[in-house]
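Each residue of the sequence shown is one higher than the one before, counting from 27 in this note's numbering.
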Amino acid sequence: MRHRALLALGLAIALPSGLMAQWSVAFEATASYYGGASRDTAADPISVRPHHPTSFGLRLERCFGQVGVGISAALAGPDVIAENNSAGAIVKNALDLFEIAPEAAVLVGRTPSGVAVRFHAGPLIDVWAPQGEDARTRVGGHAALSLEWPLTARLAGSVRGGVALTSSLFNEGELPGGFELRAMWRRSVSLGLRYRL
Numbered sequence: 027m028r029h030r031a032l033l034a035l036g037l038a039i040a041l042p043s044g045l046m047a048q049w050s051v052a053f054e055a056t057a058s059y060y061g062g063a064s065r066d067t068a069a070d071p072i073s074v075r076p077h078h079p080t081s082f083g084l085r086l087e088r089c090f091g092q093v094g095v096g097i098s099a100a101l102a103g104p105d106v107i108a109e110n111n112s113a114g115a116i117v118k119n120a121l122d123l124f125e126i127a128p129e130a131a132v133l134v135g136r137t138p139s140g141v142a143v144r145f146h147a148g149p150l151i152d153v154w155a156p157q158g159e160d161a162r163t164r165v166g167g168h169a170a171l172s173l174e175w176p177l178t179a180r181l182a183g184s185v186r187g188g189v190a191l192t193s194s195l196f197n198e199g200e201l202p203g204g205f206e207l208r209a210m211w212r213r214s215v216s217l218g219l220r221y222r223l
């Protein structure tokens with residue numbers, strides 16, 4: 027036991043401070059746009075999908091120099107929209123969404139003032155709960171670029187643009203006849219505050 031403690035102490039002294047692991051926690055607000063999910067086969071096709079939700083989440087990260095790992099959890103209450111090329115109808119508060127998103131991150135570049143650009147990617151787990159229906163889980167993937175700038179010694183602001191892909195949130199037979207399920211794309215923009223622990 028004593029040898030293990032001495033080894034850990036030696037590694038902590040030998041590693042440059044930039045390579046030592048750093049924990050941080052971030053709060054994020056995310057605006058999303060969904061495409062896909064479903065489409066009927068009529069001449070003027072109608073699509074049914076989530077409509078422009080805003081989610082709020084927490085992200086826990088651990089950085090090792092230029093690379094890092096993290097996991098985020100977020101909640102949203104999207105509307106559902108059914109629209110064609112000329113009109114749309116919205117059902118308010120039709121869905122609840124809980125999302126878990128593990129990820130790895132790589133530092134792309136950093137300026138002398140501390141502004142940093144990172145690339146993020148990882149799997150995605152979405153739990154959708156339509157009103158009056160059973161919850162269902164969809165698994166996919168996500169990728170993003172983030173721009174972060176220091177505000178204080180421990181606090182940083184960030185903006186992040188990302189894309190994600192999962193299967194449709196709807197189950198077979200859940201929509202009216204003539205609809206086919208499609209993969210669901212999401213484009214998103216997030217604003218965040220990160221605190222280094």
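Heads up, the beta-carbon is just placed ideally off N, CA and C, and yes, glycines get one too. Everything numeric in this text was worked out from a predicted model, so none of it was measured.
For this session: Apply the 10 Å Cβ neighbour rule to residue 178 and answer buried if 16 or more other Cβ atoms are within range, or exposed otherwise.
Result: Classification for residue 178: exposed.
Exercise. Within the chosen definition, does the segment 133-147 reach the segment 104-117 through at least 3 CB pairs nearer than 8 Å?
Worked result: Judged by Cβ distances under 8 Å, the segment 133-147 makes no contact with the segment 104-117, as fewer than three pairs qualify.
Problem set entry | DSSP state of residue 122 mapped onto helix, strand, coil | Correct three-state label for residue 122: strand.
Exercise. Would the segment 186-199 and the segment 131-142 be scored as touching if the rule is three or more Cβ pairs under 8 Å?
Worked result: With a cut-off of 8 Å, the segment 131-142 and the segment 186-199 do not count as touching, because too few Cβ pairs lie within range.
Exercise. Does the distance from the C-beta atom of residue 81 to that of residue 52 stay below 8 Å?
Worked result: The answer is no: Cβ separation not under 8 Å.
Problem set entry | residue 215 - DSSP class collapsed to helix/strand/coil | In this structure, residue 215 counts as strand in the three-state DSSP scheme.
For this session: Can you give me the start and stop residues for the beta strand (DSSP E) that residue 93 sits inside?
Result: Unbroken beta strand (DSSP E) run through residue 93: 93-102.
Problem set entry | Residue from 166, 207, 78 with nearest C-alpha to residue 120 | Checking every option, the nearest Cα to that of residue 120 belongs to 78.
For this session: Would you mind sorting residue 152 into buried or exposed? The rule is 16 or more other CB atoms within 10 Å of its CB.
Result: With 16 or more other Cβ atoms inside 10 Å of its own Cβ, residue 152 counts as buried.
Exercise. In this structure, does DSSP put residue 206 in helix, strand or coil?
Worked result: The DSSP-derived three-state label of residue 206 is strand.
For this session: Could you have a look at residue 196 and say whether DSSP puts it in helix, strand or coil?
Result: Shown here, residue 196 sits in coil according to DSSP, grouped into three states, outside any helix or strand.
Exercise. So, is residue 182 buried or exposed, given that buried needs 16 or more other C-beta atoms within 10 angstroms?
Worked result: Per the 10 Å Cβ criterion, buried.
Exercise. Based on Cα-Cα distance, which residue from 58, 125, 64, 106 lies nearest to residue 207?
Worked result: Comparing Cα positions, the closest option is 64.
Exercise. Residue 72 by DSSP, collapsed to three states: which one?
Worked result: The answer is coil: DSSP assigns residue 72 none of H, G, I, E or B.
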